[in-house]
């Protein structure tokens, strides 16, 4: 069985990656387990954490993550595609690569914003980071 | 004192203030989102309005108080130490500690949490603005005016952007270090001595501030990265 990971952030690009993955799985001869992952940046700073309960902060991340996954879920449900969904907190590239390793994923399918050469160099992209960190093949969907 | 428009010092000061506002105002959005999570939507609006109003009032009051205090001997030195601490805290990796706050079940608790959290967090912002304004009432007012829409319309977009592009925060930390150094050497208690014995400190102070903050931030990050 193949395991395919699609990191999703709720953008049009990640939506296209989900659509591509559905087609990819439909054409695959071996059965595929699909994982959709949303990574939330750790935006709750140490100062803010003082004032809230750990469970509330975790629930807040989960809510934001579920919101980002909504379009992907709808598309997958419509296509009748089974999937595992997960929300993690951390820096984007590292968390995606770590998840792929931990879950023994065979492929990563991800959207890319297709940054121009200059902004791509200055800002870097999540896709670039993932390619750099992971050992598995990465399919980029533009 | 600064003049409108023609003075590059003025624009530089304004740029510094905008940057400080951006990196030190974003937390407000998360505080409100977290405090209001469990409230019904009609109460959420009340909590957001009350919390935002309180945040603005707190900032204006504290900025005035801080500016007045900075005129007193030694207090600029103390302020610059505080600012260095704020800057290092900004660059140091966030610890996962905390999360011991009270549970928020009703409107009153939500507003109270927003106000207390704002008080603590606007202190960073206000000390930064007051230091960068260097006694200019115009810059201080502009700094506050810019930070207010950032609070009112604050969204987690700013924080996500900072999370993706950490250099924005690094540069902000360095800026705070620079301002801290600049403030330390202009304290009334030491200006006379510096002018006579070590005028070089006017350049070296801010530079040392930057180096201190960036090096301390890097060391803390390296220590956190080491597996326990």
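Protein chains in written order, with the working numbering: chain A, -4 to 137; chain B, 244 to 471.
Built from N, CA and C at the ideal position, the CB exists for glycine as well.
query                                                                                                                                                                           : result
Taking a Cβ distance cut-off of 8 Å, strictly less, list which residues of the region 67 to 100 of chain A are near chain B, in chain order.                                    : 86, 87
Within 8 Å of any Cβ in chain B, is that where the Cβ of residue 37 (chain A) sits?                                                                                             : yes
Roughly how many angstroms separate the alpha carbons of residue 135 (chain A) and residue 19 (chain A), rounded to a whole number?                                             : 13 Å
Among B:425, B:268, B:427, B:278, which one has its Cα closest to the Cα of residue 349 (chain B)?                                                                              : B:278
For residue 363 (chain B), which residues in the same chain have their Cβ closer than 8 Å to its Cβ, ignoring the five residues on either side in sequence?                     : none
Write down the C-beta distance between residue 260 (chain B) and residue 375 (chain B) rounded to the nearest angstrom, noting that I regard them as a contact closer than 8 Å. : 5 Å
Pair every Cβ in the region 280 to 293 of chain B with every Cβ in the region 375 to 384 of chain B, then say whether three or more of these pairs are closer than 8 Å.         : no
To the nearest angstrom, how far is it from the Cα of residue 452 (chain B) to the Cα of residue 327 (chain B)?                                                                 : 7 Å
Of all the alpha helix (DSSP H) runs that stay within the bounds of the region 348 to 420 of chain B, which reach a length of 4 or more residues?                               : 350 to 376, 380 to 395, 399 to 407
Flag residue 52 (chain A) as yes if its beta-carbon sits less than 8 Å from any beta-carbon of chain B, otherwise no.                                                           : yes
Does DSSP put residue 3 (chain A) in a helix, in a strand, or in coil?                                                                                                          : coil
CA-CA distance, residue 251 (chain B) and residue 275 (chain B)?                                                                                                                : 37 Å
Of all the options B:258, B:254, B:267, which has the alpha carbon lying nearest to the alpha carbon of residue 402 (chain B)?                                                  : B:267
Which residues in the same chain have their Cβ closer than 7 Å to the Cβ of residue 92 (chain A), if we skip the five residues on either side of it in sequence?                : 125, 128, 129
How long is the line joining the alpha carbons of residue 68 (chain A) and residue 14 (chain A), rounded to whole angstroms?                                                    : 11 Å
Going by alpha carbons, who is nearest to residue 284 (chain B) out of B:303, B:353, B:405, B:462?                                                                              : B:353
Taking a contact to mean a Cβ-Cβ separation below 8 Å, would you say residue 418 (chain B) touches residue 329 (chain B) in this structure?                                     : no
State buried or exposed for residue 466 (chain B), treating a residue as buried only when at least 16 other CB atoms are found within 10 Å of its CB.                           : exposed
Within 8 Å (strictly less), CB to CB, does residue 56 (chain A) reach chain B?                                                                                                  : no
With a 10 Å radius around its C-beta and 16 neighbouring C-beta atoms as the bar for buried, classify residue 396 (chain B) as buried or exposed.                               : exposed
Sorted by chain position, which residues of the same chain lie with C-beta nearer than 6 Å to residue 84 (chain A)'s C-beta, five sequence neighbours on each side aside?       : 35, 37, 56
How about residue 427 (chain B) and residue 318 (chain B): are their beta carbons less than 8 Å apart?                                                                          : no
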